[in-house]
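Trainee: Take a look at the following structure, please.
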Amino acid sequence: MEKTIAGKNITVNEEGYLTDFSQWDEKVGEALAAEANIPLSARHWEILTYLQNEHKNQVALSIRRIGKSGVTDIKEFYQLFPTAPLKTATKIAGIPKPASCI
Amino acid sequence: MNENNGAIKKMMIILSKGTLENVYAAFVLANGARMEGIEAEIFFTFFGLEAVHKKKLEHLHVATVGNPAMHMPTMLGGLPGMEALASSMMKKEMEKIDMPDVHEFLDILTASGVRMWACKLAMDMFHYKKEDLYEGVEEVITVGDFYKHSQGEGVHMLFV
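Written out as structure tokens, the structure is:
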């Protein structure tokens, strides 16, 4: 479905995830974060960039992998994105929701 | 029953078994809850305590006897070394799908904010002390304490 955010038209699925990463920019990320009530700090951006790179390299994302990323640890990840961190962070990053159970 | 459209807010998981498949079931459910923004707590009781006993948690096995889903004759499953063999095969498969071992899984649960409790009655029965347990276990509590932790709307309880 179509959605207007940060003055831009984007296409999202029924859960609000961008379906085309090329429509993503930092302003869109900021606006999606605001919808999730998360003010983005420099630490948030480091993690979002990491997630986007992992996605680009077709790495399946999981909480375990976040813990081993060297970018953040699981505890901090939950502090920065308190509710459902992997789901929330991937949505803000403009990449698909990971289909991971761990 | 329909507060907040029945949204699940907290999972209270009681782990009473020490077989690998049951321990993993409880851990995956607790971690999966946190990943969805749902609170989770685990109450370790009876053989479930082995999953947090420092000297035992690395040595949990799958059950080869009395487990029809293993598709192994009971007599064969009872042979010496059979449990260890089946367990090491299962652990190899788990590593392939990026499943952490028990100790790492406990670390993940602790970092994710899962609260863990040990059952006082079972601790007394097995003569375990708090210091025998994994550090993430907050406290040894009674079943009454556990029910108090379970109060509130949208709380679900699960017995493994």
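So the sequence lines, in the order shown, correspond to chains A and B.
The first sequence begins at 1483 in the numbering used here and counts up by one.
The second sequence begins at 83 in the numbering used here and counts up by one.
Quick reminder that beta carbons are idealized off the backbone N, C-alpha and C, glycines included.
Just so you know, these numbers come straight off a predicted model, no measurement behind them.
Please give the ranges of any beta strand (DSSP E) in the segment 99-147 of chain B, keeping only runs that are unbroken, at least 3 residues long and fully inside the region.
Mentor: DSSP runs (the beta strand (DSSP E)) wholly in the segment 99-147 of chain B: 121-126.
Trainee: Residues of the segment 200-228 of chain B with a CB closer than 8 Å to any CB of chain A: list them in chain order, please.
Mentor: Residues passing the 8 Å Cβ filter: none.
Trainee: What are the residues of the segment 110-139 of chain B that lie near chain A, defined by any Cβ-Cβ distance shorter than 7 Å?
Mentor: Hits within the stretch, in order: Val110, Asn113, Gly114, Met117, Glu118 and Gly119.
Trainee: Could you give the C-beta distance for Met198 of chain B and Val219 of chain B, rounded to a whole number, given that I count them as a contact under 8 Å?
Mentor: Contact holds; Cβ gap of about 5 Å.
Trainee: Can you give me the start and stop residues for the alpha helix (DSSP H) that Ile1529 of chain A sits inside?
Mentor: It spans Ala1524 to Lys1538 - the alpha helix (DSSP H) in which Ile1529 of chain A sits, taken as one unbroken run.
Trainee: Here's a check: name, in chain order, each residue in its chain whose Cβ is nearer than 7 Å to the Cβ of Glu1484 of chain A, leaving out the five neighbours to either side.
Mentor: Within the same chain, Glu1484 of chain A has close Cβ partners Asn1491 and Thr1493.
Trainee: With a threshold of 16 other CB atoms inside 10 Å of the CB of Gly1552 of chain A, please say whether the residue is buried or exposed.
Mentor: Classification for Gly1552 of chain A: exposed.
Trainee: Find out if the Cβ-Cβ distance for the pair Ala168 of chain B, Thr146 of chain B is shorter than 8 Å.
Mentor: The answer is yes: Cβ separation under 8 Å.
Trainee: With 9 Å as the C-beta to C-beta threshold (strictly closer), list the residues of the segment 177-199 of chain B near chain A in chain order.
Mentor: Answer set for the segment 177-199 of chain B: Ile179, Asp180, Met181, Pro182, Glu186, Phe187, Asp189, Ile190, Thr192, Ala193, Ser194 and Gly195.
Trainee: Less than 8 Å between the beta carbons of Leu142 of chain B and Leu102 of chain B, yes or no?
Mentor: Closer than 8 Å, so yes.
Trainee: What in chain B is Cβ-close to Tyr1560 of chain A, meaning under 9 Å?
Mentor: Neighbours of Tyr1560 of chain A on chain B, chain order: Arg116, Ala193, Ser194 and Gly195.
Trainee: Which residues, in order along the segment 1484-1508 of chain A, keep a beta-carbon less than 9 Å from a beta-carbon of chain B?
Mentor: Answer in chain order: no residues at all.
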